[in-house]
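Residue numbers (the working numbering): 18 to 185. Reviewing the structure listed below.
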Amino acid sequence: MYWISDRFVWIPMYAVLMYLLIRQYKWRSLVILLLVALTITTSDQITYHLKNYLARPRPCHAAALQGLVHTVRDSCGGPYGFMSGHAANVFALALLLIPFLKNSYRYFPLFIIVWAAVVSYSRIYLGVHYPGDIVVGALLGASIGFGYSRIYFLIFKPVHHSKVPPVA
18 MYWISDRFVW IPMYAVLMYL LIRQYKWRSL VILLLVALTI TTSDQITYHL
68 KNYLARPRPC HAAALQGLVH TVRDSCGGPY GFMSGHAANV FALALLLIPF
118 LKNSYRYFPL FIIVWAAVVS YSRIYLGVHY PGDIVVGALL GASIGFGYSR
168 IYFLIFKPVH HSKVPPVA
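Structure representation (structure tokens):
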């Protein structure tokens, strides 16, 4: 389960997503890829600063849980865990990309949500987050991703190709 949380394992999937975006959106894919970077940066920075502000220890650092939480590796991350940056980032990416790829790839929404849920669950399994950390992080990330996708579609109106010729 440790490898699921490792961001480098997912590089091939990210490359495929990038390819699908470029193939479908051509030059607009550059804007979408910048939006992906902005979305992940926003999500990551908000969770980072809220963790330090709220200062709730991770399960692996909580004195009351010593001996009950078994971590997979020696380190369990930083001292604070509320809210999960992994959950926020993967759900932000998922909710950002769904509107772009759902019409071309029927099962894409299911695939990307299951992927985000598995990555998020792995954080509980590894003993570095409580379930509440995951839920709140996922909700925050989903809100950010959804919000940025709405902003994109307000600026770049979707093009609907009609088979009926315009009336002259």
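Note that CB positions come from ideal geometry on N, CA and C, so glycine has one too. No experiment lies behind these values; they were computed from the predicted model shown.
May I ask which residues mark the beginning and end of the alpha helix (DSSP H) holding residue i?
| i | result |
| --- | --- |
| residue 164 | 148-172 |
| residue 35 | 28-42 |
| residue 140 | 125-142 |
| residue 102 | 102-118 |
| residue 92 | Counting along the chain, residue 92 falls outside any alpha helix (DSSP H), and DSSP gives it neither H nor E. |
| residue 122 | Unbroken run through residue 122: none, as it is neither H nor E. |
| residue 65 | 45-71 |
Between residue i and residue j, what straight-line distance do the alpha-carbon atoms span, to the nearest angstrom?
| i | j | result |
| --- | --- | --- |
| residue 167 | residue 81 | 43 Å |
| residue 46 | residue 117 | 10 Å |
| residue 147 | residue 51 | 32 Å |
| residue 178 | residue 142 | Residue placement at residue 178 is flagged as unreliable, the pLDDT there being 48, under the threshold of 50; a coordinate-derived value is accordingly withheld. |
| residue 124 | residue 34 | 14 Å |
| residue 119 | residue 130 | 12 Å |
| residue 64 | residue 25 | 20 Å |
| residue 152 | residue 41 | 32 Å |
| residue 48 | residue 27 | 22 Å |
| residue 103 | residue 174 | 31 Å |
| residue 84 | residue 39 | 49 Å |
| residue 9 | residue 86 | Here the chain has residues from 18 to 185 only, and residue 9 is not among them. |
Compute the distance between the beta-carbons of residue i and residue j, then report whether it is under 9 Å.
| i | j | result |
| --- | --- | --- |
| residue 105 | residue 154 | yes |
| residue 108 | residue 156 | yes |
| residue 37 | residue 122 | yes |
| residue 127 | residue 162 | no |
| residue 144 | residue 73 | no |
| residue 53 | residue 112 | no |
Can you find a heavy atom of the ligand COA that lies under 8 Å from the Cβ of residue i?
| i | result |
| --- | --- |
| residue 143 | No copy of the ligand COA appears in this structure; indeed no ligand is present at all. |
With distances taken Cα to Cα, identify the nearest neighbour of residue i among the options.
| i | options | result |
| --- | --- | --- |
| residue 164 | 72, 64, 115 | 115 |
| residue 77 | 140, 173, 70 | 140 |
| residue 21 | 172, 158, 169, 138 | 138 |
Counting pairs of beta carbons, one from the segment 117-135 and one from the segment 55-74, are three or more of them closer than 8 Å?
-> no
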